[in-house]
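FYI, in the working numbering the residues of the sequence shown are 3 to 416. Built from N, CA and C at the ideal position, the CB exists for glycine as well. Since the structure comes first, as structure tokens, the remarks are kept for the end.
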Amino acid sequence: MEISLIGFLVVALFNLAESDPNVLPMTENSLTQEYLMNLKNSGYNRDIMPDGIHGYGSPVEVLCTMHVLDVTKVDDLNMDYRGTLYFRQSWNDSRLSFLEQDIHSIVLNDPKYIWTPDLFFVQEREGIHHSLIVPNAFIRINPEGEVLYSVRISVTLSCPMDFKKFPHDTQKCVFTVESYGRTRDKLELSWDRRKVNPPITVNEYINLLPFEVKDVKESVIHSKFTFGEYTVLEVSIMFERKTGFFLTRLYIPFLLLVAISWVSFWIPAKMIALRLSLLLVILYIMTNIASGISDYQPPASYAKGSDVWIAVCETMVFAAFLEFIAVHIIARNKEKLEKRMLTNDPETQRVLDLDDKMNPVMSEATTSAVNMVASRLKCDYLLSKRIDKACATFFPILFVVFNLVYWLVYCTGH
Ligand SMILES: *[C@@H]1O[C@H](CO)[C@@H](O)[C@H](O)[C@H]1NC(C)=O
């Protein structure tokens, strides 16, 4: 009887407690608070690594993924590039496990409570953790003690670049992430392919001038250093230069200018001023364009693709200029003789008339000497014309051949 009464009272009390509005249900916040308190009381030390997955002494496996949010600048002057990314690390720390059934995970915003891997970017020149409005980081711990640590960071990474094919170049930039102090037998890094594959994703709306993010590849390598063997996560990014700018600012204008310089071969050698000014104006414009474009070119001690293009185009026009001078000298020989003979005797004058009209019928009165001079003159005159004609076909062919070679060499085989 007494026993059943006590039992009744106990049951009633329990019922009361359950319906008591003053006893709050366990919220996530209060759980987190309790969790952190327990962590502190259990003697958790964040300086001590967790045990590996295969127990004490085995390496802690840290799985990583990345999402590239933005690449803001590829600087070919300083040979580096800047990007913003989410960097996520995941590992097991059995000391962090908890046994609350009604909660799936504990979320913290500050990594200061728990152990975190000592990873760093080897090629980093400078970098920041974003901290607006609060530090952009979170830690999620699930009941089994698996930790996901995600941070949003911006890093400037160095990348040695090769501009031999500029502006048709593709730059391959490699960066690596590794543990600063833990060798392979303590900490093993790998890419996390459990949820996302490939483990590196890139925001497809990155609008980056003058480059385009072409290809991102990830791999894991083991590197031996003086102090041991480390696992290294390697990422290689391909940046392909957009050539549209140079096409409209350099290639098409130069193509047209070289083509216009060929008009010079069709202008008679007598029209000195016209031929001269045409070629000089073309050379002047070319020099202007070349110096204007130089602001957009990375400095290099070797000849870049654009340098080769500019040099060959300018040489083509300069060669046309030299050809004009040669033709002019040959044609002037004739004029000189013409003038000299004009003052000498009227007979020569007649021959020259014939010469001008290319009349094959020679006067009977011409002396053999005059005949010789005349034929010589004719020869010179024809020679200058012939040179012009030959150049009018030779120059375009040469330029087409050059173009074939140039575009084959510089635009293929990335
Ligand atoms: C943590 O351990 C669990 C169970 O052994 C495993 O499934 C999970 O992949 C581990 N997580 C990491 C990041 O290694």
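Query - Cβ-based burial, G477 [other Cβ within 10 Å; buried from 16] - result: The displayed coordinates of the chain run from 3 to 416. Any statement about residue 477 would go beyond what the structure contains.
Query raised in the report: So what's C175 in DSSP terms, helix, strand or just coil?
Result: Within the sequence shown, the letter at position 173 stands for residue 175. Three-state result, C175: strand.
Query raised in the report: Within the present structure, is the beta-carbon of T199 separated from the nearest heavy atom of ligand 1 by less than 7 Å?
Result: The residue you call residue 199 lines up with position 197 of the sequence shown. Reading off the sequence, residue 199 comes out as Asn, not Thr. Not under cutoff, so the answer is no.
Query - Cβ-Cβ distance between P212 and K166 below 8 Å - result: Within the sequence shown, numbered from 1, the residue matching residue 212 stands at position 210. Within the sequence shown, numbered from 1, the residue matching residue 166 stands at position 164. Contact check for P212 against K166 fails: the beta carbons are separated by 8 Å or more.
Query raised in the report: When every heavy atom of ligand 1 is checked, does at least one fall within less than 7 Å of the C-beta of E190?
Result: Along the sequence shown, one-based indexing puts residue 190 at 188. No, the Cβ of E190 stays beyond 7 Å of every heavy atom of ligand 1.
Report task. Taking only the alpha-carbon atoms, compute the straight-line gap between S221 and V124 and give it to the nearest angstrom. Result -> Numbered from 1 along the sequence shown, position 219 holds the residue referred to as residue 221. Numbered from 1 along the sequence shown, position 122 holds the residue referred to as residue 124. In a straight line, the C-alpha of S221 is about 15 Å away from that of V124.
Report task. Locate the alpha helix (DSSP H) running through I143, then write down its first and last residues. Result -> Here residue 143 refers to the residue found at position 141 of the sequence shown. For I143, there is no enclosing alpha helix (DSSP H); the enclosing beta strand (DSSP E) covers residues A139 to I143.
Requested in this report: Express the C-alpha separation of T158 and M273 in angstroms, rounding to a whole number.
Outcome: Taking the first residue of the sequence shown as position 1, residue 273 is located at position 271. Taking the first residue of the sequence shown as position 1, residue 158 is located at position 156. So the alpha carbons of these two residues sit roughly 60 Å apart.
Query raised in the report: Thinking C-beta only, is S263 closer than 8 Å to L281?
Result: As a working note, residue 281 is residue 279 in the sequence shown. As a working note, residue 263 is residue 261 in the sequence shown. It is a contact, given that the beta carbons lie within the stated cut-off.
Query - Sub-8 Å separation of T67 and D194 beta-carbons - result: As a working note, residue 67 is residue 65 in the sequence shown. As a working note, residue 194 is residue 192 in the sequence shown. It is a contact, given that the beta carbons lie within the stated cut-off.
Query raised in the report: A292 to L406, Cα distance in whole Å?
Result: For the purposes of this step, residue 292 is identified with residue 290 of the sequence shown, where counting begins at 1. For the purposes of this step, residue 406 is identified with residue 404 of the sequence shown, where counting begins at 1. Taking the straight line from one Cα to the other gives about 22 Å.
Report task. Kindly confirm or deny that the segment 187-202 and the segment 109-116 touch, where touching means at least three C-beta pairs closer than 8 Å. Result -> no
Report task. Kindly indicate which three-state DSSP category E214 falls into: helix, strand or coil? Result -> Counting from one through the sequence shown, the residue named residue 214 turns up at place 212. If DSSP states are grouped into helix, strand and coil, E214 belongs with the strands.
Requested in this report: Return helix, strand or coil for H330, following the three-state DSSP convention.
Outcome: Taking the first residue of the sequence shown as position 1, residue 330 is located at position 328. It is helical.
Query raised in the report: So does S92 have its beta carbon nearer than 7 Å to some heavy atom of ligand 1?
Result: Reading the sequence shown from its first residue, position 90 is the one you call residue 92. Yes, Cβ of S92 sits closer than 7 Å to a heavy atom of ligand 1.
Query - Distance, Y58 Cα to Q299 Cα - result: What you label residue 299 is simply residue 297 of the sequence shown in a count that begins at 1. What you label residue 58 is simply residue 56 of the sequence shown in a count that begins at 1. Going from the Cα of Q299 to the Cα of Y58 covers about 56 Å.
Query raised in the report: For V124, which of helix, strand or coil comes out of DSSP?
Result: Taking the sequence shown and counting its residues from 1, one reaches residue 124 at position 122. Coil, per DSSP.
Requested in this report: Determine the DSSP secondary structure at Q299, reduced to helix, strand or coil.
Outcome: In the sequence shown, counting from the first residue as 1, residue 299 sits at position 297. If DSSP states are grouped into helix, strand and coil, Q299 belongs with coil.
Query raised in the report: Is it right to say G246 is buried, meaning 16 or more other beta carbons lie within 10 angstroms of its own, or is it exposed?
Result: One-based indexing of the sequence shown puts residue 246 at position 244. Looking at its Cβ environment, which holds fewer than 16 other Cβ atoms inside 10 Å, G246 is exposed.
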